[in-house]
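A short write-up of the structure that comes next.
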Amino acid sequence: MSWRSTLTLYLLLVASQPLWAQTEVPVSAVAPQNCSLDCIRQGRPECEYCRVTGDDIKKKVGLSSNHGCIPWPCLELLGDEDPSICEHYVQAPDDVKVEFVREPNPKSDTVIVSWKPSHYGIAFLRGFQVSVQALGGTAVACQLLLFSRNVSLSAANAQTFYKSDPFPGLSLGSQYAVTVMALPVPEQWDKFYQSFYFSTRSCAEKNGLEQCKRDWYPQHIEVQQDGSVVIVTFNLAPPIMGIRRYFCLCHGDGKVKYTDIVLDSLENKTHHSFQLSDLREGTNYTCVIAAKEVDAVRKRFKISFQKAEILPSAPPSLAVVLAVCLALVAVFGVLLTALMCWRSKVYRKKLEGNPEIDTLYEEKDTLKEAVVLPGNRATPPRLLICYSGYDGAAHVKAVMKLGAFIQQHMATHVCLDLWDYLSVAEEGVMAWYCRQIRESDFVLVICSPGLRQRYDPDVTHNDNVDLMWNACSCEAIVHLIGEVVGGAKARGEDMSKYMAAVFNYCEETDIPTELRLAAHYTVPRDLPLLFSHLHGVALHRPGSYLKINNITEEGYTGVPMGAALHLAIQEAGAALNGKQQQMEELNCGRVYA
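Going from the sequence shown to this note's numbering is simple: count from 1 and add 4.
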């Protein structure tokens with residue numbers, strides 16, 4: 005059958021329609037049984053709805069289960085005694101749900117997927133294939149669930165929920181795509197699977213704030229002015245968390261005031277108070293307080309510092325005045341010495357390598373104000389990323405990490421062929437790209453040395469052969485975009501939809517001639533400029549600037565997805581340099597020969 009050869013294109017299944025809410029799996033859902041493939045083929049009654057293990061497939065069919073999430077040929081699983089059982093069409097399942105179940109590991113989550121079969125072709129339904137994949141990654145967990153050979157469902161079964169086995173080991177605070185496919189796979193590929201996105205719970209949601217240092221923040225803050233100082237009282241983290249250091253950061257009057265808070269002991273203390281001095285009268289301050297942990301959540305509060313009121317009182321007696329003067333003279337020298345030491349210590353602390361404080365003081369002369377993104381867009385901008393797979397798997401990994409970073413931290417919906425394998429195989433590479441170019445708000449072409457090279461099918465490559473289809477099509481895509489950009493330039497139309505970018509291990513000369521008219525950026529240096537382009541906001545205006553957290557060249561590695569992008573860029577740069585050195589050595593060898 006023609007679809008068997010085409011199915012080898014599948015290495016993973018990715019979501020095609022987003023759905024972020026999780027719902028509970030019905031209690032009455034039918035769970036898979038533990039039975040063998042022989043039992044399913046023989047149609048025994050105790051094997052009505054069964055899980056099929058990879059070892060069973062390898063033993064009975066002779067195929068290894070490490071081929072990714074490829075739909076297995078129906079006849080090879082159920083036997084070819086009656087070919088008609090695998091020739092009919094069944095439609096995609098409905099009402100797919102995800103439920104979190106108990107997972108003893110505090111660093112991961114476990115989910116169970118449930119669904120209802122469609123009533124279209126339900127009499128010929130042979131089973132389901134369920135997969136879960138992390139966005140931005142290539143690992144896929146698959147489960148194959150089959151009905152007994154003699155089972156034929158009726159229309160009434162379309163209201164019955166079926167569920168999968170647990171999918172364990174999912175990282176907390178991550179996005180995943182789940183796909184449920186109806187079997188057998190039809191000859192005409194149309195609506196035979198159902199996919200959507202879901203997010204695992206955060207550490208605080210799963211384990212409680214007490215077990216997650218960076219997710220804890222003070223919930224109760226009390227501010228009280230006492231003369232020329234302000235006393236701030238806040239609740240401490242539970243002792244089990246072992247947090248002994250906090251910090252407070254206040255902005256006001258064009259200055260930044262940083263206060264380091266260190267606790268001597270955690271015993272029998274639920275709250276702590278500290279003083280803020282040297283505040284300017286009549287000034288409103290915006291402050292944050294948090295545990296001094298990496299990526300800790302900050303609690304915001306405000307201080308309105310008023311002029312200290314001096315209450316009238318009776319004039320003091322002469323004896324009191326003399327006693328006070330003598331005391332002041334006695335301690336003046338000690339206080340002056342202590343003050344000089346304290347100011348010297350504070351000055352040295354400000355010079356220490358605290359990147360957040362350094363950045364704030366460097367920019368203290370610039371006016372800071374809140375900038376709201378344009379509100380005329382009902383949904384996040386849609387960005388299509390095009391690239392060349394000719395530069396190897398490391399470069400493709402960097403592209404994939406960049407797409408995940410943009411989607412998570414730049415409020416943008418990213419379209420990438422690596423995340424939509426089913427649609428690419430269903431429509432064809434060029435048809436998929438043409439549709440995405442029409443439907444996307446922006447198109448970003450990642451340029452590299454491989455993008456400028458014409459792919460020659462007669463030349464043997466050492467790279468992953470599964471990426472070669474991309475290398476074959478990238479030249480046509482660049483020409484297509486180049487024609488659109490050139491036409492828009494000639495007609496005086498807006499060309500902001502199309503952009504080109506290079507990683508810092510590539511050169512600007514790697515941008516093809518067809519794309520020189522489009523805006524081009526260098527990643528990660530120009531991430532703020534890319535954000536400005538996608539959302540139509542200005543980074544600089546007279547007397548003010550737009551500061552975007554976690555996407556600057558200095559700060560993007562402070563979040564997990566940014567750190568993963570940084571590591572992928574380094575690995576891709578090293579791989580590309582090694583490849584170029586091998587090419588130079590090969591060329592030198594040919595010259596000497």
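Every residue gets a Cβ at the ideal spot worked out from N, C-alpha and C, and that includes glycine. Owing to the predicted nature of the structure, the values given are computational and were not obtained by experimental measurement.
Residue range of the unbroken beta strand (DSSP E) whose run includes residue i
| i | result |
| --- | --- |
| Q137 | G131 to A138 |
| N161 | Premise fails: N161 is in no beta strand (DSSP E) and is neither H nor E. |
| A404 | Position check: residue 404 holds Met in this sequence, whereas Ala was assumed. Where M404 is concerned, there is no enclosing beta strand (DSSP E), although the alpha helix (DSSP H) it sits in stretches over A397 to H413. |
| P36 | Segment: none, P36 is in no beta strand (DSSP E) and carries neither H nor E. |
| V233 | V233 to N239 |
| L388 | R386 to C390 |
| E518 | First-last for E518: undefined, no H or E at that position. |
| F151 | V144 to F151 |
| F446 | F446 to C451 |
| L527 | Leu is not the amino acid found at residue 527; the sequence shown has Val there. Unbroken beta strand (DSSP E) run through V527: A523 to V527. |
| E226 | I225 to D230 |
| A542 | Element bounds for A542: n/a, residue is neither H nor E. |
Residue i (DSSP reduced to helix, strand or coil)
| i | result |
| --- | --- |
| H276 | strand |
| N109 | coil |
| A294 | strand |
| Q310 | coil |
| R439 | helix |
| K501 | coil |
| W119 | strand |
| T57 | coil |
| R302 | coil |
| V506 | strand |
| K259 | strand |
| C254 | strand |
| C329 | helix |
| C478 | helix |
| Q95 | coil |
Cα-Cα separation between residue i and residue j, rounded to whole angstroms
| i | j | result |
| --- | --- | --- |
| Q46 | R55 | 15 Å |
| E685 | N553 | Residue 685 lies beyond the residue range present for the chain, which begins at 5 and ends at 597; the question has no answer from this structure. |
| L340 | F507 | 55 Å |
| E558 | Q133 | 44 Å |
| C146 | L455 | 34 Å |
| N468 | G566 | Its pLDDT being 45, under 50, N468 is placed unreliably by the model, and the measurement read from it follows with that caveat. For N468 and G566, the distance between alpha carbons rounds to 26 Å. |
| V266 | A33 | 53 Å |
| A143 | I515 | 31 Å |
| V324 | F336 | 18 Å |
| H537 | I441 | 17 Å |
| P453 | A578 | 14 Å |
| L448 | I389 | 5 Å |
| P242 | H276 | 13 Å |
| K120 | D99 | 6 Å |
| Y391 | S178 | 25 Å |
| R48 | S152 | 7 Å |
| L371 | C207 | Confidence in L371 is poor, its pLDDT being 43 and thus under 50, which makes the residue's placement too unreliable to answer from. |
| Y166 | L420 | 31 Å |
| H544 | T556 | 15 Å |
| V233 | L283 | 7 Å |
Cut-off 6 Å between Cβ atoms - residues of its own chain near residue i, not counting five sequence neighbours on either side
| i | result |
| --- | --- |
| E226 | T237 |
| T290 | H255 and K306 |
| A523 | M503 |
| N211 | P110 |
| T561 | A567 and H570 |
| A572 | K401, A402 and K405 |
Own chain partners of residue i with C-beta closer than 8 Å, once the 5 adjacent residues on each side are dropped
| i | result |
| --- | --- |
| I126 | V94, L157, S158, A159, N161 and A162 |
| F251 | Y262, T263, D264, I265, I293, A294 and K296 |
| R439 | E431 |
Residue range of the unbroken alpha helix (DSSP H) whose run includes residue i
| i | result |
| --- | --- |
| S427 | Y425 to E431 |
| P532 | L531 to H539 |
| N211 | C207 to N211 |
Residue i CB to nearest heavy atom of the ligand HEM below 7 Å
| i | result |
| --- | --- |
| L580 | The ligand HEM is not part of the structure shown, which contains no ligands of any sort. |
Sequence-distant residues of the same chain with beta carbon closer than 7 Å to residue i, five excluded per side
| i | result |
| --- | --- |
| T416 | P384, P385, L387, I410 and L538 |
### Message
For the structure I just gave you, are there three or more beta carbon pairs, one from the segment 522-535 and one from the segment 419-432, closer than 8 Å?
### Response
no
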